[in-house]
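Counting the sequence shown from 1 gives a position; the working numbering is that position plus 134. Beta carbons are placed, not taken as given, at the ideal position from N, Cα and C, and that holds for glycine. For reference, the structure discussed in these notes is given below.
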Amino acid sequence: MMELGGESVCLMKWAERNVVTWNSLLLGCFQCADVDGARRVFEEMPGRNVVSWTTMIAGCAQNGRCKEALTLFSEMQLENIEFDQVTLVAVLSACAELGDLNLGKWIHSYVVESFTYRKQAVLISLKNALTYVCQLW
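In structure tokens:
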């Protein structure tokens, strides 16, 4: 049993517990602003994919735990999980909040070199993040 937004959720009763159901529970925690609950779900997950990691990174960034979001991004890379443009947008959000211009520049270089499609959305997010950082200074 675990608490999710004040409700008990029995994981053992799930007929099929796969990465999709775990990711749904993870997202549910963040929708209830239960970052610690999301962390517990994430730690208990038997398998994690890019969606799991991105959900954690975005959820932490959106709930004011930007350093934790960037730590998760580093851990994701150490685990050799390939990130995508959605992950980078979530990381950029954390970078903007923290004013981490160096990581923002690295992401920009990575996007320019690596993404030949859908690059525009990530570059717009990068521009918005950098604009926000510049306004802080």
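Limits of the unbroken alpha helix (DSSP H) element including residue i
i: G238; result: L235 to S248
i: E177; result: V169 to E178
i: F207; result: C200 to L212
i: I191; result: V184 to Q196
i: C229; result: Q219 to L232
i: C163; result: V153 to Q165
For residue i, the nearest candidate out of the options (CA to CA)
i: A228; options: N152, R199 and F164; result: R199
i: W156; options: M179, R173, G193 and G238; result: M179
i: D170; options: V184, N236, V246 and C194; result: C194
i: K261; options: L235, S248 and F164; result: L235
i: G233; options: A192, V246, S243 and K201; result: K201
i: Q165; options: L222, V184 and A192; result: A192
i: L206; options: F176, G238 and V246; result: F176
Assumed close pair residue i, residue j - CB separation to whole angstroms, cut-off 8 Å
i: V153; j: T188; result: Contact doesn't hold; Cβ gap of about 13 Å is too wide.
i: V225; j: L204; result: 7 Å
i: N214; j: A167; result: Actually they are not in contact, since the Cβ atoms of N214 and A167 sit about 31 Å apart, beyond 8 Å.
i: V184; j: E216; result: 7 Å
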